[in-house]
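Numbering (the working numbering), first residue to last: 8 to 172.
Virtual Cβ for every residue (Gly too), placed ideally from N, Cα, C.
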Amino acid sequence: MDVTQQSFLVEGEAAMVAFGQALGRASEGEATIFLIGNLGMGKTTLSRGVLRSFGHAGAVKSPTYTLVEPYELDAGLVYHFDLYRLGDPEELEYLGIRDYFSAPAVRLVEWPERGAAILPTPDLKITIEKAGEGRLINCHAMQARGMAMLEALHRYTEQPAENES
Ligand SMILES: Nc1ncnc2c1ncn2[C@@H]1O[C@H](COP(=O)(O)OP(=O)(O)O)[C@@H](O)[C@H]1O
Ligand SMILES: [Mg+2]
Numbered sequence: 008m009d010v011t012q013q014s015f016l017v018e019g020e021a022a023m024v025a026f027g028q029a030l031g032r033a034s035e036g037e038a039t040i041f042l043i044g045n046l047g048m049g050k051t052t053l054s055r056g057v058l059r060s061f062g063h064a065g066a067v068k069s070p071t072y073t074l075v076e077p078y079e080l081d082a083g084l085v086y087h088f089d090l091y092r093l094g095d096p097e098e099l100e101y102l103g104i105r106d107y108f109s110a111p112a113v114r115l116v117e118w119p120e121r122g123a124a125i126l127p128t129p130d131l132k133i134t135i136e137k138a139g140e141g142r143l144i145n146c147h148a149m150q151a152r153g154m155a156m157l158e159a160l161h162r163y164t165e166q167p168a169e170n171e172s
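This is the structure we're talking about:
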């Protein structure tokens with residue numbers, strides 16, 4: 008099985024949350040995940056699933072104005088970024104981006120394109136696009152950890168769509 012890239016067809020909000028939960032478990036508490044896709048594609052919904060797998064039961068809002076929302080949960084630390092309103096990647100330095108990326112944590116980054124020059128290479132790059140009423144999720148492993156996550160994800164998800172690569 009080629010684990011560098013894998014696609015999943017995810018239909019409906021509940022399935023998206025479940026996918027996020029599987030991703031959260033596959034991360035084992037340490038991962039940097041880029042979430043790429045237009046407004047309304049489900050980046051925050053997927054993030055909610057990841058957070059749920061770490062024990063967060065409440066709502067999740069994109070931290071559009073604060074850029075990052077930290078969640079200190081019993082099962083681990085999760086940083087949820089939304090860089091949609093980031094004017095200049097340099098602003099990430101003022102935000103103390105290094106600290107966020109040095110601690111053992113799961114880092115979910117919506118709109119990583121906006122911070123391209125500053126952000127480190129992620130373990131997984133996830134792109135989300137529309138597929139009928141659902142979403143096609145394409146996961147691209149960028150490092151060994153991302154590959155291991157895809158292997159684990161494959162075990163967790165019941166019906167992965169056919170591998171496109
Ligand atoms: N896999 C999916 N299939 C169908 N609808 C989805 C899916 N994932 C999310 N949605 C819906 O898409 C809408 C936008 O989701 P959201 O997570 O806020 O997107 P984003 O953070 O990418 O802007 C929500 O109404 C959500 O219920
Ligand atoms: Mg969002």
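Beta-bridge pairing of residue i - partner residues as DSSP gives them
{"i": "E120", "result": "In the DSSP output, where bridge partners are listed per residue, E120 has none listed."}
{"i": "A148", "result": "L131"}
{"i": "V57", "result": "Per DSSP, none; premise fails for V57."}
{"i": "G141", "result": "A138"}
Exposure of residue i, with buried meaning 16 or more beta-carbon neighbours within 10 Å
{"i": "S109", "result": "exposed"}
{"i": "T128", "result": "exposed"}
{"i": "E136", "result": "exposed"}
{"i": "R121", "result": "buried"}
{"i": "G19", "result": "exposed"}
{"i": "D130", "result": "buried"}
{"i": "G62", "result": "exposed"}
{"i": "A25", "result": "buried"}
{"i": "A21", "result": "exposed"}
Residues near residue i by beta carbon distance below 7 Å, same chain, minus five either side
{"i": "L16", "result": "A138, G141, L143, A168"}
{"i": "L157", "result": "V10, Q13, C146, A148"}
{"i": "D81", "result": "G62"}
{"i": "A33", "result": "M156, A159, L160, Y163"}
Beta-carbon separation (whole angstroms), residue i vs residue j, contact threshold 8 Å
{"i": "Y78", "j": "L58", "result": "6 Å"}
{"i": "L74", "j": "L93", "result": "6 Å"}
{"i": "M149", "j": "K132", "result": "6 Å"}
Sequence-distant residues of the same chain with beta carbon closer than 6 Å to residue i, five excluded per side
{"i": "N114", "result": "Position check: residue 114 holds Arg in this sequence, whereas Asn was assumed. So the qualifying residues of the chain are T39, Y86."}
{"i": "E6", "result": "Within the shown structure, residues of the chain are numbered from 8 to 172, placing residue 6 beyond reach of any answer."}
{"i": "V116", "result": "F41, F88"}
{"i": "Y173", "result": "Not covered by the structure: residue 173. The range shown for the chain is 8 to 172."}
{"i": "I43", "result": "T134"}
{"i": "G83", "result": "G36, F61"}
{"i": "G152", "result": "Rather than Gly, the amino acid found at residue 152 in this sequence is Arg. Correct list, in chain order: D130."}
Neighbourhood of residue i by C-beta, 8 Å cutoff - its chain only, sequence neighbours within 5 removed
{"i": "Y72", "result": "R92"}
{"i": "I125", "result": "P96, E97, L99, E100, I104"}
{"i": "P70", "result": "E76, H87, F88, D89"}
{"i": "Q28", "result": "G56, V57, R59, S60"}
Practice task
Check whether the stretch 127-147 touches the stretch 49-65, taking contact to mean three or more Cβ pairs, one atom from each stretch, closer than 8 Å.
Solution key: Enough Cβ pairs lie closer than 8 Å, so yes.
Practice task
Report yes or no: do the stretch 156-165 and the stretch 65-76 share at least 3 C-beta pairs separated by less than 8 Å?
Solution key: Flag = no, the stretch 156-165 and the stretch 65-76 do not touch.
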